[in-house]
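Structure, as C-alpha coordinates:
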(Lines of atoms letter the chains of each structure in order from A and count residues from 1; the text may use other names and numbers.)
(Lines give C-alpha, C1' and ligand atoms only; values in the text may rest on other atoms or scores of the structure.)
Protein backbone atom coordinates (compact mmCIF):
# COMPACT_ATOMS: atom_id res chain seq x y z
CA UNK A 1 0.00 0.00 0.00
CA UNK A 2 1.41 3.39 -0.97
CA UNK A 3 2.33 5.50 2.07
CA UNK A 4 3.34 9.04 2.91
CA UNK A 5 6.19 9.65 5.40
CA UNK A 6 6.27 5.88 6.12
CA UNK A 7 3.36 6.19 8.52
CA UNK A 8 -0.02 7.16 7.10
CA UNK A 9 -1.49 5.98 3.83
CA UNK A 10 -2.85 8.36 1.21
CA UNK A 11 -6.39 7.29 2.18
CA UNK A 12 -5.70 8.14 5.83
CA UNK A 13 -4.37 11.57 4.91
CA UNK A 14 -7.45 12.04 2.72
CA UNK A 15 -9.66 11.29 5.74
CA UNK A 16 -7.89 13.97 7.79
CA UNK A 17 -8.24 16.45 4.92
CA UNK A 18 -11.97 15.69 4.67
CA UNK A 19 -12.42 16.41 8.39
CA UNK A 20 -11.14 19.92 7.68
CA UNK A 21 -12.99 20.41 4.38
CA UNK A 22 -16.31 19.50 6.03
CA UNK A 23 -15.76 21.83 9.00
CA UNK A 24 -16.57 25.38 8.02
CA UNK A 25 -14.79 25.73 4.69
CA UNK A 26 -16.47 28.27 2.46
CA UNK A 27 -15.87 26.86 -1.01
CA UNK A 28 -16.35 23.18 -0.13
CA UNK A 29 -18.79 22.98 2.79
CA UNK A 30 -20.81 26.18 2.40
CA UNK A 31 -21.09 26.13 -1.40
CA UNK A 32 -21.04 22.35 -1.98
CA UNK A 33 -22.30 20.88 1.30
CA UNK A 34 -23.98 17.75 -0.09
CA UNK A 35 -21.00 16.63 -2.15
CA UNK A 36 -18.57 17.37 0.70
CA UNK A 37 -20.62 15.40 3.24
CA UNK A 38 -20.94 12.40 0.94
CA UNK A 39 -17.21 12.53 0.17
CA UNK A 40 -16.45 12.60 3.90
CA UNK A 41 -18.65 9.58 4.53
CA UNK A 42 -17.20 7.66 1.56
CA UNK A 43 -13.56 8.24 2.52
CA UNK A 44 -14.24 7.56 6.22
CA UNK A 45 -15.94 4.27 5.32
CA UNK A 46 -13.12 3.34 2.95
CA UNK A 47 -10.44 3.95 5.59
CA UNK A 48 -12.40 2.00 8.21
CA UNK A 49 -12.82 -0.98 5.84
CA UNK A 50 -9.19 -0.95 4.65
CA UNK A 51 -7.89 -0.70 8.22
CA UNK A 52 -10.36 -3.37 9.41
CA UNK A 53 -11.32 -0.93 12.14
CA UNK A 54 -13.35 -2.03 15.12
CA UNK A 55 -15.85 0.70 15.99
CA UNK A 56 -14.83 2.55 19.17
CA UNK A 57 -17.60 4.48 20.87
CA UNK A 58 -18.17 6.20 24.20
CA UNK A 59 -21.04 7.66 26.21
CA UNK A 60 -21.11 10.85 24.14
CA UNK A 61 -21.41 9.06 20.80
CA UNK A 62 -24.20 6.82 22.13
CA UNK A 63 -26.17 9.63 23.80
CA UNK A 64 -25.70 11.97 20.84
CA UNK A 65 -26.89 9.26 18.45
CA UNK A 66 -29.96 8.60 20.60
CA UNK A 67 -30.73 12.33 20.77
CA UNK A 68 -30.53 12.63 16.98
CA UNK A 69 -32.87 9.64 16.57
CA UNK A 70 -35.27 11.13 19.14
CA UNK A 71 -35.34 14.40 17.21
CA UNK A 72 -36.15 12.53 14.00
CA UNK A 73 -39.05 10.74 15.71
CA UNK A 74 -40.41 13.89 17.38
CA UNK A 75 -39.86 16.51 14.70
CA UNK A 76 -39.17 14.57 11.52
CA UNK A 77 -35.96 14.41 9.51
CA UNK A 78 -34.41 17.52 8.02
CA UNK A 79 -31.12 18.40 6.35
CA UNK A 80 -29.53 19.48 9.64
CA UNK A 81 -30.23 16.12 11.30
CA UNK A 82 -29.05 14.21 8.23
CA UNK A 83 -25.85 16.24 8.39
CA UNK A 84 -25.47 15.49 12.12
CA UNK A 85 -25.80 11.75 11.44
CA UNK A 86 -23.24 11.79 8.63
CA UNK A 87 -20.83 13.88 10.69
CA UNK A 88 -21.09 11.61 13.74
CA UNK A 89 -20.80 8.30 11.87
CA UNK A 90 -18.01 9.51 9.58
CA UNK A 91 -15.97 10.92 12.46
CA UNK A 92 -16.47 7.71 14.47
CA UNK A 93 -15.20 5.68 11.50
CA UNK A 94 -12.12 7.89 11.23
CA UNK A 95 -11.22 8.02 14.94
CA UNK A 96 -11.76 4.25 15.18
CA UNK A 97 -9.28 3.77 12.32
CA UNK A 98 -6.43 5.78 13.88
CA UNK A 99 -4.30 5.69 16.96
CA UNK A 100 -4.30 9.10 18.60
CA UNK A 101 -0.57 9.49 17.99
CA UNK A 102 -0.88 8.74 14.26
CA UNK A 103 -3.88 11.04 13.86
CA UNK A 104 -2.33 14.03 15.60
CA UNK A 105 0.90 13.74 13.61
CA UNK A 106 -1.06 13.47 10.37
CA UNK A 107 -3.21 16.45 11.37
CA UNK A 108 -0.06 18.45 12.11
CA UNK A 109 1.32 17.76 8.63
CA UNK A 110 -1.96 18.62 6.89
CA UNK A 111 -2.58 21.81 8.88
CA UNK A 112 1.02 22.90 8.36
CA UNK A 113 0.67 22.48 4.58
CA UNK A 114 -2.62 24.42 4.50
CA UNK A 115 -1.09 27.18 6.64
CA UNK A 116 1.93 27.60 4.39
CA UNK A 117 -0.21 27.63 1.22
CA UNK A 118 -2.74 30.11 2.59
CA UNK A 119 -0.05 32.50 3.84
CA UNK A 120 1.84 32.23 0.55
CA UNK A 121 -1.29 33.03 -1.49
CA UNK A 122 -2.18 35.85 0.87
CA UNK A 123 1.26 37.47 0.44
CA UNK A 124 0.91 37.18 -3.34
CA UNK A 125 -2.49 38.86 -3.08
CA UNK A 126 -1.23 41.70 -0.88
CA UNK A 127 1.47 42.49 -3.45
CA UNK A 128 -1.04 42.29 -6.33
CA UNK A 129 0.75 39.32 -7.89
CA UNK A 130 -2.43 37.21 -8.04
CA UNK A 131 -6.00 38.30 -8.69
CA UNK A 132 -8.61 36.14 -6.93
CA UNK A 133 -12.18 35.96 -8.17
CA UNK A 134 -15.31 37.02 -6.31
CA UNK A 135 -17.62 34.07 -5.59
CA UNK A 136 -20.66 33.28 -3.49
CA UNK A 137 -22.60 36.47 -4.23
CA UNK A 138 -26.14 36.08 -2.92
CA UNK A 139 -25.33 33.01 -0.82
CA UNK A 140 -26.24 34.29 2.66
CA UNK A 141 -23.61 37.00 2.61
CA UNK A 142 -20.75 34.52 2.19
CA UNK A 143 -19.30 36.17 -0.87
CA UNK A 144 -15.54 36.52 -0.82
CA UNK A 145 -12.45 36.48 -2.98
CA UNK A 146 -11.11 33.03 -3.78
CA UNK A 147 -8.08 31.54 -5.46
CA UNK A 148 -7.90 27.74 -5.81
CA UNK A 149 -10.68 27.48 -3.17
CA UNK A 150 -8.58 29.39 -0.63
CA UNK A 151 -10.67 32.09 1.00
CA UNK A 152 -7.61 34.01 2.15
CA UNK A 153 -8.80 37.36 0.89
CA UNK A 154 -11.63 38.27 3.22
CA UNK A 155 -15.32 38.63 2.57
CA UNK A 156 -17.41 36.23 4.59
CA UNK A 157 -20.38 37.49 6.62
CA UNK A 158 -18.84 40.87 7.37
CA UNK A 159 -17.03 43.18 4.98
CA UNK A 160 -14.72 44.18 7.86
CA UNK A 161 -13.01 40.81 7.40
CA UNK A 162 -11.60 41.94 4.08
CA UNK A 163 -7.83 41.45 4.01
CA UNK A 164 -7.91 38.98 6.93
CA UNK A 165 -6.41 35.54 6.39
CA UNK A 166 -9.20 32.94 6.32
CA UNK A 167 -7.43 30.01 4.66
CA UNK A 168 -9.97 27.54 3.32
CA UNK A 169 -12.54 28.64 5.88
CA UNK A 170 -15.41 31.10 5.82
CA UNK A 171 -13.88 33.36 8.49
CA UNK A 172 -10.71 33.68 10.59
CA UNK A 173 -12.52 32.31 13.66
CA UNK A 174 -12.90 28.90 12.00
CA UNK A 175 -9.29 28.91 10.82
CA UNK A 176 -8.02 29.54 14.35
CA UNK A 177 -10.10 26.58 15.59
CA UNK A 178 -8.23 24.30 13.21
CA UNK A 179 -4.84 25.71 14.18
CA UNK A 180 -5.43 25.70 17.94
CA UNK A 181 -6.93 22.19 18.01
CA UNK A 182 -3.89 20.96 16.09
CA UNK A 183 -1.65 22.77 18.59
CA UNK A 184 -3.50 21.23 21.55
CA UNK A 185 -3.04 17.71 20.20
CA UNK A 186 0.69 18.21 19.59
CA UNK A 187 1.59 20.35 22.60
CA UNK A 188 3.92 17.69 24.00
CA UNK A 189 6.33 18.39 21.12
CA UNK A 190 7.38 21.51 23.02
CA UNK A 191 8.85 19.21 25.69
CA UNK A 192 11.66 18.12 23.38
CA UNK A 193 15.03 19.15 24.84
CA UNK A 194 16.57 20.49 21.67
CA UNK A 195 15.71 24.15 21.13
CA UNK A 196 15.24 23.74 17.38
CA UNK A 197 13.90 20.61 15.69
CA UNK A 198 11.59 19.86 12.79
CA UNK A 199 8.43 19.35 14.83
CA UNK A 200 8.99 22.45 16.95
CA UNK A 201 9.41 24.41 13.74
CA UNK A 202 6.04 23.07 12.55
CA UNK A 203 4.36 24.22 15.76
CA UNK A 204 6.08 27.61 15.44
CA UNK A 205 4.63 28.12 11.95
CA UNK A 206 1.15 27.22 13.22
CA UNK A 207 1.50 29.68 16.12
CA UNK A 208 2.66 32.41 13.72
CA UNK A 209 -0.37 31.70 11.51
CA UNK A 210 -2.72 32.10 14.50
CA UNK A 211 -1.16 35.50 15.17
CA UNK A 212 -1.48 36.60 11.54
CA UNK A 213 -5.14 35.71 11.01
CA UNK A 214 -6.25 38.40 13.51
CA UNK A 215 -8.93 36.39 15.30
CA UNK A 216 -9.88 37.58 18.78
CA UNK A 217 -10.85 34.10 19.92
CA UNK A 218 -7.65 32.78 18.35
CA UNK A 219 -5.57 35.18 20.43
CA UNK A 220 -7.45 34.35 23.65
CA UNK A 221 -7.17 30.60 23.08
CA UNK A 222 -3.51 30.68 22.04
CA UNK A 223 -2.59 32.79 25.07
CA UNK A 224 -4.51 30.47 27.40
CA UNK A 225 -2.79 27.42 25.89
CA UNK A 226 0.70 28.91 26.33
CA UNK A 227 0.05 30.06 29.91
CA UNK A 228 -1.56 26.69 30.70
CA UNK A 229 1.39 24.79 29.23
CA UNK A 230 3.91 26.59 31.42
CA UNK A 231 1.54 26.38 34.39
CA UNK A 232 1.52 22.60 33.94
CA UNK A 233 5.33 22.49 33.79
CA UNK A 234 5.77 24.84 36.75
CA UNK A 235 4.33 22.47 39.35
CA UNK A 236 7.79 21.34 40.48
CA UNK A 237 10.00 23.99 38.89
CA UNK A 238 10.74 27.54 40.07
CA UNK A 239 12.09 28.37 36.60
CA UNK A 240 8.81 27.49 34.90
CA UNK A 241 6.81 29.32 37.58
CA UNK A 242 8.69 32.48 36.61
CA UNK A 243 8.13 31.76 32.89
CA UNK A 244 4.43 31.19 33.58
CA UNK A 245 4.13 34.51 35.40
CA UNK A 246 5.95 36.38 32.61
CA UNK A 247 3.80 34.64 29.95
CA UNK A 248 0.61 35.58 31.78
CA UNK A 249 1.69 39.23 32.11
CA UNK A 250 2.67 39.46 28.43
CA UNK A 251 -0.58 37.78 27.41
CA UNK A 252 -2.58 40.26 29.50
CA UNK A 253 -0.76 43.26 28.03
CA UNK A 254 -1.23 42.00 24.47
CA UNK A 255 -4.94 41.45 25.07
CA UNK A 256 -5.42 44.94 26.51
CA UNK A 257 -3.42 46.71 23.81
CA UNK A 258 -4.30 44.67 20.72
CA UNK A 259 -6.53 46.66 18.34
CA UNK A 260 -7.97 43.35 17.10
CA UNK A 261 -9.23 42.50 20.59
CA UNK A 262 -10.33 45.98 21.66
CA UNK A 263 -12.22 46.50 18.39
CA UNK A 264 -13.89 43.10 18.75
CA UNK A 265 -15.36 43.99 22.15
CA UNK A 266 -16.46 47.44 21.03
CA UNK A 267 -20.21 48.04 21.11
CA UNK A 268 -19.84 49.39 17.57
CA UNK A 269 -18.57 46.02 16.33
CA UNK A 270 -21.36 44.15 14.55
CA UNK A 271 -19.74 40.74 15.09
CA UNK A 272 -19.56 41.34 18.86
CA UNK A 273 -23.19 42.46 19.02
CA UNK A 274 -24.39 39.42 17.04
CA UNK A 275 -22.38 36.96 19.14
CA UNK A 276 -23.41 38.57 22.42
CA UNK A 277 -27.05 38.47 21.31
CA UNK A 278 -26.79 34.79 20.35
CA UNK A 279 -25.02 33.94 23.61
CA UNK A 280 -27.71 35.57 25.74
CA UNK A 281 -30.58 34.28 23.60
CA UNK A 282 -29.36 30.68 23.53
CA UNK A 283 -28.69 30.74 27.28
CA UNK A 284 -32.34 31.65 27.85
CA UNK A 285 -33.48 29.13 25.22
CA UNK A 286 -31.80 26.25 27.07
CA UNK A 287 -34.14 26.78 30.03
CA UNK A 288 -37.26 26.74 27.86
CA UNK A 289 -36.94 22.94 27.64
CA UNK A 290 -33.77 21.96 29.54
CA UNK A 291 -34.32 18.20 29.58
CA UNK A 292 -35.52 17.43 26.05
CA UNK A 293 -34.29 20.50 24.18
CA UNK A 294 -36.22 22.55 21.65
CA UNK A 295 -35.43 20.26 18.72
CA UNK A 296 -33.25 20.66 15.64
CA UNK A 297 -35.00 22.74 13.01
CA UNK A 298 -38.30 22.47 14.87
CA UNK A 299 -41.07 25.06 14.84
CA UNK A 300 -40.70 25.36 18.61
CA UNK A 301 -37.05 26.35 18.24
CA UNK A 302 -37.92 28.87 15.53
CA UNK A 303 -40.62 30.41 17.72
CA UNK A 304 -38.26 30.71 20.70
CA UNK A 305 -35.54 32.16 18.45
CA UNK A 306 -37.93 34.82 17.16
CA UNK A 307 -39.14 35.60 20.68
CA UNK A 308 -35.59 36.04 21.99
CA UNK A 309 -34.40 37.93 18.91
CA UNK A 310 -31.62 35.53 17.98
CA UNK A 311 -29.85 35.85 14.63
CA UNK A 312 -29.82 33.21 11.93
CA UNK A 313 -26.07 32.63 12.47
CA UNK A 314 -26.49 31.22 16.01
CA UNK A 315 -22.75 31.45 16.54
CA UNK A 316 -22.44 29.94 20.03
CA UNK A 317 -22.10 26.29 18.96
CA UNK A 318 -22.06 24.53 22.34
CA UNK A 319 -25.05 26.54 23.55
CA UNK A 320 -26.88 25.93 20.27
CA UNK A 321 -26.45 22.16 20.57
CA UNK A 322 -27.59 22.27 24.21
CA UNK A 323 -30.65 24.36 23.37
CA UNK A 324 -31.61 21.95 20.58
CA UNK A 325 -30.76 18.60 22.22
CA UNK A 326 -31.10 19.40 25.94
CA UNK A 327 -28.77 19.33 28.93
CA UNK A 328 -27.97 15.64 28.43
CA UNK A 329 -25.92 16.61 25.37
CA UNK A 330 -23.67 19.06 27.22
CA UNK A 331 -23.29 16.81 30.28
CA UNK A 332 -22.07 13.85 28.22
CA UNK A 333 -19.95 16.17 26.08
CA UNK A 334 -17.90 17.44 29.01
CA UNK A 335 -17.78 14.02 30.65
CA UNK A 336 -16.30 12.48 27.50
CA UNK A 337 -14.05 15.51 26.94
CA UNK A 338 -12.38 15.03 30.33
CA UNK A 339 -12.04 11.25 29.79
CA UNK A 340 -10.39 11.82 26.42
CA UNK A 341 -8.12 14.47 27.94
CA UNK A 342 -6.74 11.93 30.40
CA UNK A 343 -6.23 9.25 27.74
CA UNK A 344 -4.48 11.68 25.40
CA UNK A 345 -2.13 13.05 28.09
CA UNK A 346 -2.56 16.64 26.90
CA UNK A 347 0.14 18.86 28.43
CA UNK A 348 -2.27 21.23 30.18
CA UNK A 349 -4.09 21.31 33.52
CA UNK A 350 -7.50 19.76 32.97
CA UNK A 351 -9.39 22.95 33.87
CA UNK A 352 -7.34 24.95 31.34
CA UNK A 353 -8.10 22.36 28.66
CA UNK A 354 -11.83 22.53 29.40
CA UNK A 355 -11.73 26.34 29.24
CA UNK A 356 -9.86 26.27 25.91
CA UNK A 357 -12.29 23.82 24.26
CA UNK A 358 -15.21 25.84 25.64
CA UNK A 359 -13.77 29.02 24.09
CA UNK A 360 -13.42 27.21 20.76
CA UNK A 361 -16.94 25.79 20.89
CA UNK A 362 -18.77 28.82 22.16
CA UNK A 363 -17.50 31.32 19.60
CA UNK A 364 -18.40 29.45 16.41
CA UNK A 365 -21.45 27.39 15.28
CA UNK A 366 -19.41 24.22 14.68
CA UNK A 367 -20.04 22.01 17.71
CA UNK A 368 -21.63 19.47 15.31
CA UNK A 369 -18.63 19.32 12.96
CA UNK A 370 -15.93 16.62 12.69
CA UNK A 371 -13.34 19.22 13.75
CA UNK A 372 -15.09 19.54 17.11
CA UNK A 373 -16.19 15.92 17.47
CA UNK A 374 -12.58 14.66 17.35
CA UNK A 375 -12.11 16.27 20.77
CA UNK A 376 -14.59 13.90 22.44
CA UNK A 377 -14.69 10.73 20.32
CA UNK A 378 -12.32 7.85 21.17
CA UNK A 379 -9.38 6.71 19.03
CA UNK A 380 -8.44 3.05 18.73
CA UNK A 381 -5.17 3.35 20.66
CA UNK A 382 -3.31 5.81 22.89
CA UNK A 383 0.47 5.61 22.97
CA UNK A 384 0.76 8.32 25.62
CA UNK A 385 -2.15 7.25 27.78
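Residue numbers (the working numbering): -7 to 377. Glycine included, each C-beta is placed from N, C-alpha and C at the ideal position.
Taking all protein chains shown into account, do 16 or more other C-beta atoms lie within 10 angstroms of the C-beta of residue i, making it buried, or fewer, making it exposed?
{"i": "residue 359", "result": "buried"}
{"i": "residue 316", "result": "buried"}
{"i": "residue 125", "result": "exposed"}
{"i": "residue 206", "result": "buried"}
{"i": "residue 100", "result": "buried"}
{"i": "residue 375", "result": "exposed"}
{"i": "residue 120", "result": "exposed"}
{"i": "residue 157", "result": "buried"}
{"i": "residue 189", "result": "exposed"}
{"i": "residue -1", "result": "exposed"}
{"i": "residue 337", "result": "exposed"}
{"i": "residue 44", "result": "exposed"}
{"i": "residue 174", "result": "buried"}
{"i": "residue 259", "result": "The pLDDT assigned to residue 259 is 47, lower than 50, so where the model puts this residue is not dependable, and the model offers no usable value."}
{"i": "residue 41", "result": "exposed"}
{"i": "residue 105", "result": "exposed"}
{"i": "residue 170", "result": "buried"}
{"i": "residue 96", "result": "buried"}
In this structure, does DSSP put residue i in helix, strand or coil?
{"i": "residue 23", "result": "coil"}
{"i": "residue 369", "result": "coil"}
{"i": "residue 83", "result": "helix"}
{"i": "residue 352", "result": "helix"}
{"i": "residue 123", "result": "coil"}
{"i": "residue 360", "result": "coil"}
{"i": "residue 286", "result": "coil"}
{"i": "residue 340", "result": "coil"}
{"i": "residue 142", "result": "strand"}
{"i": "residue 44", "result": "coil"}
{"i": "residue 335", "result": "helix"}
{"i": "residue 52", "result": "helix"}
{"i": "residue 226", "result": "helix"}
{"i": "residue 259", "result": "Reliability fails at residue 259, whose pLDDT of 47 lies under 50, so the model's placement of it is uncertain and the value that follows must be treated cautiously. Coil."}
{"i": "residue 68", "result": "coil"}
{"i": "residue 279", "result": "coil"}
{"i": "residue 327", "result": "helix"}
{"i": "residue 374", "result": "coil"}
Which residues share a DSSP beta bridge with residue i?
{"i": "residue 62", "result": "Its beta-bridge partners do not exist; DSSP assigns none."}
{"i": "residue 137", "result": "126"}
{"i": "residue 17", "result": "161"}
Ends of the alpha helix (DSSP H) at residue i?
{"i": "residue 107", "result": "92 to 118"}
{"i": "residue 312", "result": "309 to 317"}
{"i": "residue 295", "result": "291 to 300"}
Within the region 158 to 224, note down every full beta strand (DSSP E) run reaching 3 residues or more, in order along the chain.
-> none
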